[in-house]
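S.K.:
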Amino acid sequence: MKFAAFFFLRSLLLGCLLIASYSSFAFADTITVSGTGDSQHLLRQIAQAFEHNNPQSKILVPNSVGSGGGIKLLQADRTELARIARPLKPKEQAEGLKYRTFAYAPVVFVANLPEQCFEDISTENFLAILRGEINNWSQLGNCPDNKIYIANREEGDSSKSVLERVIPQINEIANPAGRTIYSTPEAYDTLNRYPYSFGYLPKSQVHKGNLTMLKFDGTEATNSNVQQGSYPLVVPLGIVWKGTPTGTTKAFLDFLFGEEAKAIMVKLGAVPAADK
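Take the sequence shown: its letters are residues -28 to -1, 1 to 248, numbered as in mature numbering (1 follows the signal peptide of the UniProt record, and there is no 0).
1) For residue 116, is the classification buried or exposed, using 16 other Cβ atoms within 10 angstroms of its Cβ as the cut-off for buried?
2) Can you tell me which residues form a DSSP beta bridge with residue 7?
3) So, under 8 Å CB-CB, residue 82 and residue 173 are touching, yes? Tell me the CB distance rounded to an integer number of Å.
4) Skipping 5 residues on each side, what residues in its chain have a beta carbon closer than 6 Å to that of residue 126?
5) Can you name the residues that DSSP bridges to residue 82?
6) If contacts are defined as beta-carbon pairs under 8 Å, then residue 59 and residue 71 qualify, I think. What distance do you get, rounded to the angstrom?
7) Determine the extent of the beta strand (DSSP E) in which residue 123 is found, giving its start and end residues.
8) Taking the continuous alpha helix (DSSP H) assigned at residue 41, which residues delimit it?
9) Check this for me: beta carbons of residue 240 and residue 134, under 7 Å apart or not?
10) Go to residue 16, then tell me how far its alpha helix (DSSP H) extends in each direction, as first and last residue.
11) Whole-angstrom Cβ separation of residue 11 and residue 163, contact assumed at under 8 Å?
12) What number of angstroms, rounded off, separates the C-alpha of residue -5 from the C-alpha of residue 28?
13) Cα-Cα, which of 141, 103 and 212 is closest to residue 149?
14) Excluding the 5 residues flanking residue 4 on each side, which residues of the same chain have their C-beta closer than 7 Å to its C-beta?
15) In this structure, does DSSP put residue 71 in helix, strand or coil?
16) List the endpoints of the continuous beta strand (DSSP E) containing residue 103.
17) Taking Cβ to Cβ, would you say residue 6 is nearer than 7 Å to residue 69?
18) CA-CA distance, residue -9 and residue 244?
19) Looking only at DSSP bridge pairs, what is residue 211 linked to?
20) Consult DSSP for residue 92 and reduce its assignment to one of helix, strand or coil.
21) Helix, strand or coil: which one does DSSP assign to residue 152?
22) So for residue 31, helix, strand or coil by DSSP?
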C-alpha cells in the first residue's frame, strides 16, 4: 500500500512538473520582426543568440515582405517591430513611427563561377552587362566561354536604389538584360543555384554556397572600407517600432544594439551603426 501511494505521489509530481514545463513554453513571450529581406538572415542569427540568452522568449523573423510591407504590418499592429532597408519617409515619421539604424550592409556584386577567374567588376563593365554588350564570361578576365545569366532587382529595391544613386547611368538603360527577382532571399537562392549567374546582394545575405564576392572599381567591401567611406555601395539596415517598447520588444532592441549583436553583424559582413 505504501509503495502504491509512493508511486502515485511520484506520478502526480512528475505530471505537475510536465504541465508547468509545458505551460511555460506554451505561454512564452513571442514577438515578430517583419519586413525587408536585406536584414532577414542577419536578424535571424541575432534572434537565435537572444533566444539562447532568454529561453522563455521567441523572436520570429518571417520571410521578406519588403520594407514597405513591414511598415504596413507595424501600422496595422500585426508585428511588434519592422525591419527596413531605408530611412523612414516623412509621412511615416508624421505617423509617430520610431526608427534607428542598427547596421550598414555593403551591397556586393557576386558571381557563381566554378573557379576564380574574375574578381573585380568596374562601373563600365557592369553597365555593358546591363546593356547586353557583354554577355559572355569569356569577355571578362580569363573566364570560360559561357553565357552570363543576370539576376536584376525590381524598381524600389534598396540594393538597386543604392546602385542607381552611385551609378546614375543605370537609369538611362531602358531594357536592362537579365531576369528581375522580387526579394533578396530569392535573389540569393537564384544566384547560388545557377552556375555562371551574376548579380548583387547585401553582403550580410551572402552567407554560404557557391558565390564569389567581387571588388567594385578595385575596392573590396571590407568593414574598414565601408567605415572610411571608400566603398560606396551601402544600404542602411534599420528597425522601426511604435510607441514605447516594453517587455520582450524592449529587451530585444537593447540586445540588438549591444556588443553581442554587433559581433554577429561583423561576422556576417555588416558594419554596426555607431552608438547614439
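By construction, the Cβ of each residue, glycine as well, lies at the ideal position given by its N, Cα and C atoms.
Source: prediction; values computed, not measured.
M.R.: With the given structure in hand:
1) Translated into positions along the sequence shown, residue 116 becomes position 144. Per the 10 Å Cβ criterion, exposed.
2) For the purposes of this step, residue 7 is identified with residue 35 of the sequence shown, where counting begins at 1. Assignment of beta-bridge partners to residue 7 by DSSP yields 55.
3) Numbered from its first residue, the sequence shown carries residue 82 at position 110. Numbered from its first residue, the sequence shown carries residue 173 at position 201. Your pair residue 82 and residue 173 checks out as a contact, with CB atoms roughly 6 Å apart and the cut at 8 Å.
4) The count along the sequence shown starts at 1 and reaches residue 126 at position 154. Excluding the 5 residues flanking it on each side, residue 126 has same chain C-beta neighbours closer than 6 Å at 152 and 154, in chain order.
5) Residue numbering aside, residue 82 sits at position 110 when the sequence shown is read from its first letter. 171 and 185, per the DSSP bridge assignment.
6) Along the sequence shown, one-based indexing puts residue 59 at 87. Along the sequence shown, one-based indexing puts residue 71 at 99. The beta carbons of residue 59 and residue 71 sit about 7 Å from each other, so the pair counts as a contact at 8 Å.
7) If you number the sequence shown from 1, residue 123 lands on position 151. It spans 121 to 125 - the beta strand (DSSP E) in which residue 123 sits, taken as one unbroken run.
8) Within the sequence shown, numbered from 1, the residue matching residue 41 stands at position 69. Under the DSSP assignment, residue 41 falls in the alpha helix (DSSP H) whose first and last residues are 38 to 47.
9) As a first step, residue 240 must be located in the sequence shown, where it is residue number 268. As a first step, residue 134 must be located in the sequence shown, where it is residue number 162. No, Cβ-Cβ distance for residue 240 and residue 134 is not below 7 Å.
10) In the sequence shown, the residue the question calls residue 16 occupies position 44. Looking at the DSSP string, the run of the alpha helix (DSSP H) that includes residue 16 is 12 to 25.
11) Taking the sequence shown and counting its residues from 1, the one referred to as residue 11 is at position 39. Taking the sequence shown and counting its residues from 1, the one referred to as residue 163 is at position 191. Wrong, their Cβ atoms sit about 18 Å apart, outside the cutoff.
12) By 1-based counting over the sequence shown, the position of residue -5 is 24. By 1-based counting over the sequence shown, the position of residue 28 is 56. The pLDDT assigned to residue -5 is 42, lower than 50, so where the model puts this residue is not dependable; a value taken from the coordinates is nonetheless given after this. About 7 Å.
13) Translated into positions along the sequence shown, residue 149 becomes position 177. Comparing Cα-Cα distances from residue 149 to each of 141, 103 and 212, the minimum goes to 103.
14) As a position in the sequence shown, residue 4 is number 32, starting the count at 1. Same-chain partners within the cutoff: 32, 34, 51 and 52.
15) As a working mapping, residue 71 is identified with position 99 in the sequence shown. The three-state reading of DSSP puts residue 71 in strand, counting E and B together.
16) To locate residue 103, count along the sequence shown from 1; it is residue 131. From DSSP, residue 103 is part of no beta strand (DSSP E) but of the alpha helix (DSSP H) over 95 to 103.
17) Here residue 6 refers to the residue found at position 34 of the sequence shown. Here residue 69 refers to the residue found at position 97 of the sequence shown. For residue 6 and residue 69, no; Cβs fall outside 7 Å.
18) Position 20 of the sequence shown, counted from the first residue, corresponds to residue -9. Position 272 of the sequence shown, counted from the first residue, corresponds to residue 244. Confidence is the limiting factor: at residue -9 the pLDDT is only 42, short of 50, which leaves the residue's position unreliable and the question unanswerable from this model.
19) On the sequence shown, position 239 is the one that residue 211 refers to. According to the DSSP secondary-structure assignment, residue 211 is paired through a beta bridge with 55 and 72.
20) As a first step, residue 92 must be located in the sequence shown, where it is residue number 120. Note: residue 92 maps to strand in three-state DSSP.
21) Indexing the sequence shown from 1 puts residue 152 at position 180. In the three-state scheme derived from DSSP, where H, G and I count as helix and E and B as strand, residue 152 is classed as strand.
22) Position 59 of the sequence shown holds residue 31. Of the three classes helix, strand and coil, the one that applies to residue 31 here is strand, per DSSP.
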